[in-house]
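Visitor:
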Amino acid sequence: MRPDLTQLCVYVAGLMLLCPLLGIYLSRVLDPKAGPTPRLERWLYRCCGIDEQREQHWSEYLQSLLTLNVGGVLLLMSMLMLQGWLPLNPANTPGMSWHLALNTAVSFVTNTNWQSYAGESSVSALCQMLGLTLQNFLSPATGIAVLLAMIRGFTRVNTDRIGNYWVDMTRSVIWVLLPISCFTALLLVWQGVPQTFDARIVATTLEGSQQTIPLGAIASQEAIKMIGTNGGGYFNANSAHPYENPTPLSNMIEMLSILLLPGALVMMFGRMLDQPRQARALFVAMLIPLLLGVAICTWAEQQGNPFLIAAGADPAGGNMEGKEVRFGISGSSLFAVITTAASCGAVNAMHDSFTALGGLVPMVMIQLGEVIFGGVGSGLYVMLIFAVLTVFIAGLMVGRTPEYLGKKIEAREIKLVVFAALLPMPLGTLIVGATAIAFEAGRVGILNPGPHGLSELLYAYTSATGNNGSAFAGLSANTPFHNVLLTIAITIGRYLPIAAVLAIAGSLANKKRLPVSAGTFPTDRGLFVALLIGVILIVGALTYFPVLALGPVAEQLSATAGRQF
Amino acid sequence: MTMPGLIRSTTCYLGLMTVLTGLVYPLAVTAVAQSAFPRQANGSPVVLDGAVIGSELIGQSFTGPGYFHPRPSAAGADGYDAMASGGSNLGVTSQSANQTITTRLQAVRIPSTRVPIDLVTASGSGLDPHLSPEAALYQAGRVAAARQLRRERVEQLVRDHVEGPTAGLLGAPRVNVLRLNLALDAQTAD
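For the record, the sequence lines run as chains A and B. Position one of the first sequence corresponds to residue 0 (numbering that gives the first Met the number 0), numbered consecutively onward. Position one of the second sequence corresponds to residue 0 (numbering that gives the first Met the number 0), numbered consecutively onward.
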C-alpha cells in the first residue's frame, strides 16, 4: 500500500478507537451524576471562595469567564514585560515590548498561540513554564466550559441556569487536561523530546565548530500544546524542530493528540444527550471535509516545485522545501491539514513554502470556521451553531419552524447565530485583514513577492481570527502595527462567538422540549450530514473565494504557466 | 458574586492553577522522565572520547568533501544554528529562492542524473538530522574519492544506516547524517 495511505489509515483508525473511549470518560468526569465533590476540587473552591453548588445564569457565566480571561492576560503580559528582572532566566532574555507582550498574552489566553516571536530567544524559562503553560491549560478548559454550557442548553428544560463556570474549568483542568498531558509528555520523552532543567548542550562538532543546543522542560509543554489545541511552540520551528517532534512515531502521537479531545468531546456530547447517533452524525460531518483536505494537500505537495524539476531535480521527491525528511511529504501534509482543521496551529513543516494549492488547503480549513473538529470545545460549540443554521435553512425550504435536538429554533437564536458563526471570521479575516493591507506599515513585513505575498498576510489574519496560530511565517509580524491589529482579530474571533453561544445556551435551556413527530427533520441521518457540510462549504466559499482567487489561486495558475515573481 | 469577590476569586484561582500546571505538572513529568528515559530527557547527546560532539536528533554542519553533507539550512546566518531554528519560508513562485536552489543543484549535480530534492532544499527546522537514502547515496562517489575508499564500500555503509518507516507504517526512510559520518570515520580509522 502507498505510504501516505497507510499512515492515513493508521491515523483514522486511532481516532475512531480513542475518541469513543475517551468520550465515555469525559462524560463521567465532566458531567458527573450527583455524588461527593472530590477533595482536591473542594479544597480549591474553598480557597478561592467559590460556591460550587450554585449554578449561574448565562450572563453571570460569561462574566466569570471574561474576568478570568482578563486576569490571565494581565498576569501573563506583566510576566513577559518583566521577565528580564524575574528569576529562572538563564539566557538573560530581556522583557518584551508592550505590543509583543499584549499580542502574546491575548494569543495564549484565547487558545490562539500565534507567536510573533521566536521561543528560543525571546521567552525566559520562567515564562515558558509558569506563564505560557498556565494559559495552555486554561484556554482549552475555557473551550470545554463553554461547550458544556451549550450542551446543557439542549439537555435542560425551563431553567435559566447553565452550570458553574469555575466548576467546569476546574474539572476540565484536573481530570482531563492534566492526566492526558502527563501521559502524552512521557510518550514524547520516550521518543526523544527533552525534559530537563538544564538550559543547553554545548557541543564541539565533528568538524570542530561550536554548537549550542537549547534544552528545557520541552515535553511537558509540548504535550499540552497538542492536547489543548494550543500550538505555541517551545522553539521557533515548532513541531518541525527535532526536539519537539523527533520521530515519525512522535509525529503520529502529536497528530492524534490534536484531534483527540475535539473528537472525544463530540462523543461525550452524544452521551450527555443520550443520543449517540446525533453525535456520530456530527463526527462524520467533520471527518469527510478533513479527508478531502488531506487528499488535496498531499497530492499538491507530491507534485513538487515545477521550476526546480525543470532545473534537474528528481520529481519523485515532491516539494521538500520547509519539510523534514523523517516526516516526508505525507507526514507533513497530513499534519498541516489536521493542525488547521483543529484550531491547533502547531506546524511540522513551513506552510509558507508549500505549493500554492497545498498552502490553500490549510488556509481554507481555518476559514471554514474551525469546525472540522476545531479547537478543544470551541470546535463543537461552533459546529452546533452550524447545525442550528442547517436546520433553519432546511426549515425555510419546507416552511416549518425549525427545531434541533428537541428545541425550537426561533428568531432570537438565529440572530445570535449570526454573531456566533457568520460574522466573526469574515470580520477579523477580511475587514481587519484588509485594513492591514491598506497601510504601508502592514505591507513592509511581507517576505514573498507576487500573489504569495498577499497569501502571507491573508493567512496571518485568517489564523488569528480562527484562533489557530499557525503562520505563513515569512511575514515579519513583530511590529506594533501587526501585533495590535492581530490582537484585535484574535479577540473578535474568540469572544464574539463565546458571548453569542452562551446567550444561545441560556435561551435554549429556558425552552421546553418538543416531542419527536413525523414532521421533525431527522438530524442523525446522511441527508442532514450532507446538508451540514454543504452549508459550511457554501458559507466559506461565498465569503473567501474572491480573496483566495487573488492569492493562492493566482499563484497556482502562475506556477502552472511558468511565471515566477 | 460581587465584583470585588469575583476579582478575589480570580486572583486566587490564577495563583493556585499556576502552581498546579506551571510547577507541579512539569516537575512531576521531569522527575519521571529523568529516571525512566535519562538519555532522551537530556537531549540525546552523542559522546565521542568523553566529549559531547552534538545531539543525535539535531543536525550539524558538514562541509569537508570526506563527509556526507546534510541538507541546506536556513537556521541562522551560516545554517545549523540551534539557537535560531526555522525554515526559509520562501514559496514555490519566488524567483530568488528558485535561483538559490538551482545554484546549489548545479553545484552537486552529477551529469545526466536527477538530483534528490532534499539534498538541495532547506528543511523546516533548519536542524534536520536526516537525509533521504537517495540523497546520501548521491554523495557516495565524492566521499569515496576523498577518503580513498571503494565506492561500493561507502554505498554499503549508507545502506547499513538506512532507518525504514517505523513499524513499516510511519514516516519516510532516512539516514542520520551524524551517525553515518561517525561510522565513516570509524571505518577509515580501521
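Where a beta carbon is used, it is the ideal one built from N, C-alpha and C, also for glycine.
1) Run through DSSP, which three-state label would residue 373 of chain A get?
2) To the nearest angstrom, how far is the alpha carbon of residue 58 of chain A from that of residue 505 of chain A?
3) In the DSSP assignment, what residue or residues form a beta bridge with residue 194 of chain A?
4) Mind pulling the chain C residues with CB within less than 7 Å of residue 189 of chain A?
5) Which ranges would you report for the alpha helix (DSSP H) in the region 65 to 110 of chain A if only whole runs of at least 4 residues count?
6) Does DSSP put residue 66 of chain B in a helix, in a strand, or in coil?
7) For residue 213 of chain A, which residues in chain B fall below 7 Å Cβ to Cβ?
8) Report the rounded CA-to-CA distance for residue 384 of chain A versus residue 325 of chain A, giving the unit in angstroms.
9) Between the beta-carbon of residue 492 of chain A and the beta-carbon of residue 427 of chain A, is there less than 8 Å?
10) Can you tell me whether residue 151 of chain A is buried or exposed, with buried defined as 16 or more other CB within 10 angstroms of its CB?
11) Please report the residue range of the beta strand (DSSP E) in which residue 175 of chain B lies.
12) Mind pulling the chain B residues with CB within less than 8 Å of residue 184 of chain A?
13) Use the C-beta contact count for residue 151 of chain B: other C-beta atoms within 10 angstroms, 16 or more gives buried, fewer gives exposed.
14) Kindly indicate if chain A contains any beta-carbon less than 8 Å away from that of residue 125 of chain B.
15) What does DSSP give as the partner residues of residue 211 of chain A in its beta bridges?
16) Contact criterion: CB-CB distance below 8 Å. Does residue 149 of chain A meet it with respect to chain B?
17) Evaluate residue 461 of chain A with the Cβ neighbour count: other Cβ atoms within 10 Å of its Cβ, from every protein chain shown; 16 or more gives buried, anything less gives exposed.
18) Out of A:364, A:389 and A:391, which has the shortest C-alpha to C-alpha gap to residue 378 of chain A?
19) Identify whether residue 406 of chain A lies in helix, strand or coil by the three-state DSSP scheme.
20) Run down chain B in chain order and give the residues with a C-beta less than 8 Å from the C-beta of residue 354 of chain A.
21) Counting only runs that start and end within the region 129 to 188 of chain B, where is the alpha helix (DSSP H) found for 4 or more residues in a row?
22) When the Cα atoms are used, what is the spatial distance from residue 1 of chain B to residue 170 of chain B?
23) For the candidate residues A:359, A:464, A:534 and A:203, whose alpha-carbon lies nearest to that of residue 300 of chain A?
24) Taking the alpha helix (DSSP H) that residue 138 of chain A falls in, what are its first and last residues?
25) If we ignore side chains and look at the alpha-carbon of each, how far apart do residue 111 of chain B and residue 134 of chain B end up?
26) Any Cβ of chain B within less than 8 Å of the Cβ of residue 49 of chain A?
27) Assuming the contact rule is C-beta atoms closer than 8 Å, residue 260 of chain A and residue 336 of chain A should be a hit. Round their C-beta distance to whole Å, please.
28) Could you confirm whether any beta carbon from chain A is found closer than 8 Å to the beta carbon of residue 148 of chain B?
29) Starting from residue 197 of chain A, find everything on chain B with Cβ-Cβ shorter than 9 Å and list it in chain order.
30) Please confirm whether residue 514 of chain A has its beta-carbon closer than 8 Å to some beta-carbon of chain B.
31) Cα separation between residue 105 of chain B and residue 421 of chain A?
32) Check distances from the C-beta atoms of the region 104 to 120 of chain A to those of chain B and list, in chain order, the residues that come in under 8 Å.
33) The region 319 to 337 of chain A: which residues have C-beta closer than 9 Å to a C-beta of chain B, in chain order?
34) Could you tell me the alpha carbon to alpha carbon distance between residue 346 of chain A and residue 156 of chain B, rounded to whole angstroms?
35) Taking 8 Å as the threshold, find out whether the region 161 to 180 of chain A comes into contact with the region 548 to 557 of chain A through three or more Cβ pairs.
36) How close, in whole Å, do the beta carbons of residue 147 of chain B and residue 68 of chain B come, if the pair is a contact with beta carbons under 8 Å?
Guide: Judging by the given coordinates:
1) Coil at residue 373 of chain A, not helix or strand.
2) When only Cα atoms are considered, residue 58 of chain A and residue 505 of chain A end up about 8 Å apart.
3) Residue 194 of chain A is bridged to A:216.
4) Of the protein chains in the structure, A and B, none is chain C.
5) Counting whole runs of 4 or more residues, the region 65 to 110 of chain A contains the alpha helix (DSSP H) stretches 97 to 108.
6) Coil at residue 66 of chain B, not helix or strand.
7) Within 7 Å Cβ-Cβ: 81 and 82.
8) Each residue's Cα considered, the two are about 39 Å apart.
9) Yes, they are a contact pair.
10) Within a 10 Å sphere around the beta-carbon of residue 151 of chain A sit 16 or more other beta-carbons, which makes this residue buried.
11) In the DSSP assignment, residue 175 of chain B falls within the unbroken beta strand (DSSP E) covering 173 to 175.
12) By Cβ distance, chain B contributes 28 and 32.
13) With fewer than 16 other Cβ atoms within 10 Å, it is exposed.
14) Interface residue, yes.
15) Paired residues: A:201.
16) For residue 149 of chain A, no CB of chain B lies under 8 Å from its own CB, so it is not counted at the interface with that chain.
17) Here residue 461 of chain A is buried, its C-beta having at least 16 other C-beta atoms within 10 Å.
18) Ranking A:364, A:389 and A:391 by Cα distance to residue 378 of chain A puts A:364 first.
19) Of the three classes helix, strand and coil, the one that applies to residue 406 of chain A here is strand, per DSSP.
20) The answer, in chain order, is 91.
21) You should have 132 to 136, 139 to 146, 150 to 159 and 176 to 188.
22) Those two C-alpha atoms are separated by around 56 Å.
23) The shortest Cα separation from residue 300 of chain A among A:359, A:464, A:534 and A:203 belongs to A:359.
24) Boundaries of the alpha helix (DSSP H) harbouring residue 138 of chain A: 132 to 154, taken from the DSSP string.
25) Whole-angstrom Cα-Cα distance: 16 Å.
26) Judged by the 8 Å Cβ criterion, residue 49 of chain A is in contact with chain B.
27) Wrong, their Cβ atoms sit about 18 Å apart, outside the cutoff.
28) Residue 148 of chain B does not count as touching chain A.
29) Going along chain B in sequence order, the residues near residue 197 of chain A (Cβ under 9 Å) are 41 and 42.
30) Taking Cβ atoms only, chain B never reaches closer than 8 Å to residue 514 of chain A, which makes this a no.
31) Going by the C-alpha atoms only, they are around 51 Å apart.
32) Cβ contacts with chain B: 117, 119 and 120.
33) Those would be 319, 320, 321, 322, 323, 324, 325, 326, 327, 328, 329, 330 and 331, in chain order.
34) For the pair residue 346 of chain A and residue 156 of chain B, the Cα-to-Cα distance works out to about 33 Å.
35) No, because fewer than three Cβ pairs between the region 161 to 180 of chain A and the region 548 to 557 of chain A fall closer than 8 Å, the two stretches do not touch.
36) Their Cβ separation, rounded to whole angstroms, is 19 Å, which puts residue 147 of chain B and residue 68 of chain B out of contact at 8 Å.
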